[in-house]
Amino acid sequence: MQHENGSAPLDPAAALRLIDQQTTAVSTRANNTQALIYAVWGLAYLIGFGALALDPSATTVYSWRIIVFGCAMVAGIAASFGLGARFGAGVRGPTRRAGIMIGLTWLLVFVASGFISQAIFQIDMAPAKAFMIVAGISVLLVGALYTAFGGMGNDIPFFLLGVWFLVVDAIAMLVGTPTYLTIMALLGGGGFFVGAVITKFTRSATPIHSGR
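Just so you know, we're using the working numbering here: the sequence shown kicks off at 444 and counts up by one.
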């Protein structure tokens, strides 16, 4: 049977298959993007904190190790927003709006933590301790946002990654300098790499989360 315009009637089974194919394609693309964001931040932590761990006393802005750390963090931020924006360009409706709000939340956290860092560096204390506190606060915010977004999105791997950062950050802060830097380079960066592998190969898609 054909419609009056001569076109074939819509096959419900074919329509469902088409929807499934499109959903799978979007899911795969989302997973690949999220895994790449994790990998970028894994490298940023490994390179940034690793450079500082080579010489924990390098705490002036003129030290190449501080410059490497800053560049690694900025590169992670830029890559995260770039990858998230590229994925979001093909998404419409509430999902796109949610992605924009999540991205803005991360941006505001980065900006606010920058101002807080400047205030802490003005306090009269050993530069190495001040830097550890600044880094500790930043990682604390990252862990808190990961657990919050993971809980709201029912995203268990994302939530567990946030818990991992909270635990690692707390332990590293208790251990103190200079070991803090090594712990964050290895366990912080390693956590992101594990998250990338899990996201790429073992999980179904969830909304894209930009974040370090």
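Virtual Cβ for every residue (Gly too), placed ideally from N, Cα, C.
Classification of R508 by the beta-carbon crowding that lies within 10 angstroms, buried from 16 upward:
buried
Integer Cβ distance of I563 from A573, believed to fall under 8 Å: That pair is a contact at about 6 Å.
Relative to the C-alpha of A628, which residue among A473, A515, N475, I490 is closest? I490
Open item on the list: Please classify T645 as buried or exposed, where buried requires at least 16 neighbouring CB atoms within 10 angstroms.
Closed with: exposed
Legend entry - D612 beta carbon less than 8 Å from that of L583: yes
| request: Since I believe M616 is in contact with G593 (beta carbons under 8 Å), could you give me their beta-carbon distance rounded to a whole number of angstroms? | output: Between M616 and G593 the Cβ distance is about 22 Å, and since that is not below 8 Å, they are no contact.
For this session: Determine the direct distance from the alpha carbon of G634 to that of Y481, and round the result to whole angstroms.
Result: 9 Å
**Item:** Residue-chain proximity (F644, chain C), Cβ-Cβ < 8 Å
**Value:** Included in the structure is just one protein chain, with no chain C present.
For A521, does the count of other Cβ atoms within 10 angstroms reach 16, so buried, or fall short, so exposed?
exposed
### Proximity of S523 and V483 at Cβ, strictly below 8 Å
yes
Next item on the list: Starting from the Cα of A518, find the closest Cα among L630, M595, I543, Y488 and give me that residue.
Entry: Y488
Count the other CB atoms within 10 Å of the CB of D598; is the residue buried (16 or more) or exposed (fewer)? Burial check for D598: the Cβ neighbour count within 10 Å reaches 16 or more, so the residue is buried.
Can you check whether the CB of T590 is closer than 8 Å to the CB of I526?
According to the sequence as given, residue 526 is Leu; it is not Ile. No; because the gap between Cβ atoms is not below 8 Å, this pair is not in contact.
**Report entry** Of the residues G485, L479, L497, A478, the one placed nearest T622, counting alpha carbons only
**Finding:** L497
Three-state secondary structure (DSSP) of P621:
coil
Whole angstroms are fine: how far does the CA of G605 sit from the CA of M544? 19 Å
Please return the same chain residues whose Cβ sits closer than 7 Å to the Cβ of I576, not counting the five positions on each side in sequence.
I563
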